[in-house]
Structures are given as C-alpha cells and as structure tokens.
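Okay, so here's the structure we're looking at.
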Amino acid sequence: MKPIQKGLGAVMLEARSLEKMAKRRIPAAAGLLCAVLLLPAIAFAHAHLLSSTPAANATVHGPEVAFELRYNSRVDARHSVLTLVTGDGRTEPLALDRQGNAANLNAHATLKPGNYTLRWQALSTDGHITRGEIPFSVR
Ligand SMILES: [Cu+2]
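As numbered in the working numbering, residues 1189 to 1327 make up the sequence shown, in order.
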C-alpha cells in the first residue's frame, strides 16, 4: 500500500469495522453509523487527503520545498500538525503557512538532498483527526 493511501486505508478499515459492529448489533455503533451513513455531510467533512505537493514518492528539487496538502473538506490549520521526518529518523515540526485555501495545509522548508517523510495530522471541521505520511526525496 502506498503511504499516501494509509489515511484512506485507515478510514476504510474504520468503516469496515463499523459494518462488523453493526452486524453484531453493538449499540454504540448506531450513533457512528448514523454519522457515516445517514449524515453524509458529516462523513464528508472528515478530512481525506486528495493530493499533495510533493506527491507521495516524488523527487523534488531543493533546497526550497513548498508543501501543499489538499483535502476534501475544510481543515483547521491551527490544530493540524505537519512534521518532517528526515532519512535518519529525526523529526522536525513544520510551521504552517497561512492557508491558501480552507481545505489545504501549507508549509515550506529548506532541505538538503535526501529522503524525507512528511507526516500530517489534520483536524477537520467535524472534529475528527486523520493522519498520514508522504515519503518524498529532495535532490
Ligand atoms: Cu469525520
């Protein structure tokens, strides 16, 4: 599974386990199912990553690298987190730039050539947090 799809995979797993829970008639599932199935507006407010710059597994030219993560719904940049993981495993939080669009997260960094992973955590307007990772290289 490509890393960019981890977030979506997690959400799909979540939906599948909700289905299982519903079959077992666990009452707690009812409210969640309601949100997922009966109130699509809320389900869609869950922030899924649609695409990113850099794209997953892309190689970009440094040293200036601009990040843009595009979601399917509005994200709260003040409560979303972007972390850069370097090839040797060090983590650096990235300061978020002003959002160009309410559904995007933006940041930038000056990076040496190497392999990196951009780790993201997004808070959507429905209060749900989604996470994922985008591996990329700088040359
Ligand atoms: Cu949600």
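Every residue gets a Cβ at the ideal spot worked out from N, C-alpha and C, and that includes glycine.
DSSP-derived helix/strand/coil call for Asp1314: Judged by DSSP in its simplified three-state form, Asp1314 adopts coil rather than helix or strand.
Does DSSP put Arg1258 in a helix, a strand or coil? When DSSP states are grouped into helix, strand and coil, Arg1258 belongs to the strand group.
By a C-beta neighbour count over all protein chains shown, 10 Å radius and 16 as the cutoff for buried, is Pro1251 buried or exposed? Label assigned to Pro1251: exposed.
Do you know whose CA, among Tyr1259, Ala1295, Ala1290, lies nearest Leu1282's CA? Ranking Tyr1259, Ala1295, Ala1290 by Cα distance to Leu1282 puts Ala1295 first.
Evaluate Pro1242 with the Cβ neighbour count: other Cβ atoms within 10 Å of its Cβ, from every protein chain shown; 16 or more gives buried, anything less gives exposed. Taking every protein chain shown into account, the CB of Pro1242 has 16 or more other CB atoms within 10 angstroms, so this residue is buried.
In whole angstroms, what separates the C-alpha of Thr1264 from that of Ser1312? The residue you asked about is not Thr; residue 1264 is Asp in the sequence shown. The straight-line gap from Cα to Cα measures roughly 6 angstroms.
Check whether Ile1322 and Ser1268 have beta carbons under 9 angstroms apart: Against a cut-off of 9 angstroms, the Cβ pair of Ser1268 and Ile1322 comes out as no contact.
If you run the structure through DSSP and keep just helix, strand and coil, what is Ala1233? Ala1233 falls in the helix class under three-state DSSP.
Three-state secondary structure assigned by DSSP to Ala1265: Annotated three-state conformation of Ala1265 is helix, per DSSP.
My output table needs one value for Gln1287: the three-state DSSP class, helix, strand or coil. Assignment of Gln1287 by DSSP, reduced to helix, strand and coil, places it in the coil class.
Look at Arg1307 and Arg1319 and say whether their C-beta atoms are less than 9 angstroms apart. Between Arg1307 and Arg1319, the gap from beta carbon to beta carbon is short of 9 angstroms.
Boundaries of the beta strand (DSSP E) in which Leu1282 is found, first to last residue: Segment 1279-1282, the beta strand (DSSP E) holding Leu1282.
Inter-residue Cα distance where the pair is Ala1291 and Asp1276: Rounded to the nearest angstrom, the two C-alpha atoms are 31 angstroms apart.
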